[in-house]
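With this note's numbering, the residue at position 260 of the sequence shown is 751, and numbering never jumps. We put the beta carbon where it would ideally sit given N, CA and C, even for glycine.
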Amino acid sequence: MDDPVLTLANEMYRKGIEAEMAGDIDAAKYYYAQAAIKFYQSASYVKGVAHEVRIKKAEECKNRIENLKMVATQHNNAQIQGEHIKENRSEVLEIVQPDVKFADVVGLNEVKERLRIAMVYPKKYGNLFKKYGLKHGGRIIMYGPPGCGKTLIARACAGELNLQLINGNVARLMSKWVGEAEKNIAYMFAQVRNMKEAVLFLDEIDALGASREKVSSSTVARRVVTQLLVEMNNLPEGILLIAATNVPWILDSALIRTGRLGTPVFVPPPDKDERKFLFERCIRERPVDETVDAEVLADMTEGYSASDIADVGGICEWAATMALRDTIKEGKVRKINMDDFIKVIKGGYVKPSVIPWLIEAQRKISRNPDVSRAFPELLDFITNFGK
Ligand SMILES: Nc1ncnc2c1ncn2[C@@H]1O[C@H](COP(=O)(O)OP(=O)(O)OP(=O)(O)O)[C@@H](O)[C@H]1O
Ligand SMILES: [Mg+2]
């Protein structure tokens, strides 16, 4: 039979987690306290294992409250001491002035538009937004396969706005050992608060969700996650936040549900026209003979990322290396030809890195309906891929 006290306890516990993820420490403490009381109460109705499980849950709620108290103190201290943290922590933080613009990013028009609406227009036309009663973003989360432009477009967004980009890699922030992680985060956000305006790029944001799962028993690591979330949710107004991940299915559903980072934006692999454009650009920049056909190459490369095609170690570079090798060997200039490209693609010099990612995504979607609900664009993409 259902135990209404236990149901209430679980409900309070869930609300506590949600408040914690939303960075609302006071609300989280309140809900955990309510949950603890209800878990103790419901434990008194039962014996044996069920009794012990409920007592354990009550104790976990109490631990969570203690953690939150520590996080709140740390947050306040970091805010007071911000400028005085002297240690050299530059390795967890990189501040750059990007010189790329949206025009340098091939394709991804839908993503650019979403970034314009969430980040660029509110900044450029702030008064207009206010006039129309719009309280748009300043925050966005992007996901998609590796090498398809998430980092590039974050840099371009800062470039468009002429703002500095603060690169904060969440996995790196979190992977430092106990104590260090907390100091790193305090340091990073102290720097962020010192800047009036900037774009904060939190890459590998999934490290947050992953840690939460893995470390549910480690109070220290959980505290670190909460600390990061609290800082994230208390950013100064001039700081825009872009988060990115290539493993969206790891993201904690509470992080998505709170809507603090807006609706996740899918950064897809390049479509045929975009691949053609990438090849054309590479052809323009190199000595290539008339046999090379960008259209045919685009046809041959479904499942390849932009990085597979155009980046260091990509198809274009390999093809160029082949012609260069012959040129040096024979002492006579040989232009890059279509055979070079075909050899690279068919010979497996560069493999289509999007394919294994899509297989993994498909697996996660089929196993967990929450994933397809949270990332409808991904579901759409997978359904239509190769058609
Ligand atoms: N849309 C694009 N237009 C032009 N070049 C691109 C594009 N996407 C990726 N590239 C090239 O590939 C490189 C790697 O892309 P980027 O770092 O932005 O990928 P990512 O999506 O952030 O990958 P990861 O998930 O591994 O972090 C870029 O530096 C750029 O050279
Ligand atoms: Mg990246």
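* If you draw a straight line from the alpha carbon of residue 846 to that of residue 874, how long is it in whole angstroms? -> Rounded to the nearest angstrom, the gap between the Cα atoms of residue 846 and residue 874 is 14 angstroms.
* To do: Determine, using beta-carbon pairs with one atom in the segment 548 to 557 and one in the segment 496 to 511, whether at least three such pairs fall under 8 angstroms.
  => The way I'd put it, the segment 548 to 557 does touch the segment 496 to 511; three or more beta-carbon pairs between them come closer than 8 angstroms.
* Taking residue 692 and residue 659 to be in contact with their CB atoms under 8 angstroms, please state how far apart those CB atoms are, rounded to whole angstroms. => Yes, residue 692 and residue 659 are in contact; Cβ-Cβ is about 7 angstroms, under 8 angstroms.
* To do: Use the C-beta contact count for residue 675: other C-beta atoms within 10 angstroms, 16 or more gives buried, fewer gives exposed.
  => Buried, since its Cβ has 16 or more Cβ neighbours within 10 Å.
* For ligand 2, any of its heavy atoms closer than 7 angstroms to the Cβ of residue 694? -> Checking the Cβ of residue 694 against ligand 2 gives yes.
* Measuring from the CB of residue 798, is there a heavy atom of ligand 1 at a distance below 7 angstroms? -> Yes.
* **By C-beta, the residues closer than 5 angstroms to any heavy atom of ligand 2, given in chain order** => Spelled out in chain order, the answer is 641, 642.
* To do: May I ask you to report which of helix, strand or coil DSSP gives residue 513?
  => In this structure, residue 513 counts as coil in the three-state DSSP scheme.
* Would residue 826 pass as a contact of residue 810 if the rule is Cβ separation under 8 angstroms? -> No, the Cβ-Cβ distance between residue 826 and residue 810 is not below 8 angstroms.
* Asked: Do you know how far the Cα of residue 723 is from the Cα of residue 559?
  -> For residue 559 and residue 723, the distance between alpha carbons rounds to 15 angstroms.
* Asked: Between the Cα of residue 734 and the Cα atoms of 644, 841, 687, 717, which residue gives the shortest distance?
  -> A check of alpha carbon separations from residue 734 across 644, 841, 687, 717 identifies 644 as the nearest.
* Boundaries (first-last residue) of the beta strand (DSSP E) holding residue 694 -> Counting along the chain, the unbroken beta strand (DSSP E) around residue 694 starts and ends at 689 to 694.
* Buried or exposed: which applies to residue 632, given that a residue is buried once 16 or more other Cβ atoms fall within 10 Å of its Cβ? -> Around the beta carbon of residue 632, 16 or more other beta carbons sit within 10 angstroms, so the residue counts as buried.
* Whose CA, out of 536, 794, 553, lies closest to the CA of residue 527? -> Cα-wise, what sits closest to residue 527 is 553.
* Asked: Roughly how many angstroms separate the alpha carbons of residue 505 and residue 523, rounded to a whole number?
  -> Residue 505 and residue 523 have their C-alpha atoms some 9 angstroms from each other.
* Asked: What residue does the beta strand (DSSP E) around residue 585 start on, and which one ends it?
  -> Looking at the DSSP string, the run of the beta strand (DSSP E) that includes residue 585 is 585 to 587.
* Roughly how many angstroms separate the alpha carbons of residue 795 and residue 761, rounded to a whole number? -> Computed Cα separation, rounded: 8 angstroms.
* Uninterrupted alpha helix (DSSP H) stretches inside the segment 651 to 679 (no shorter than 4 residues) -> The segment 651 to 679 is shown to contain whole alpha helix (DSSP H) runs of 4 or more residues at 661 to 666, in chain order.
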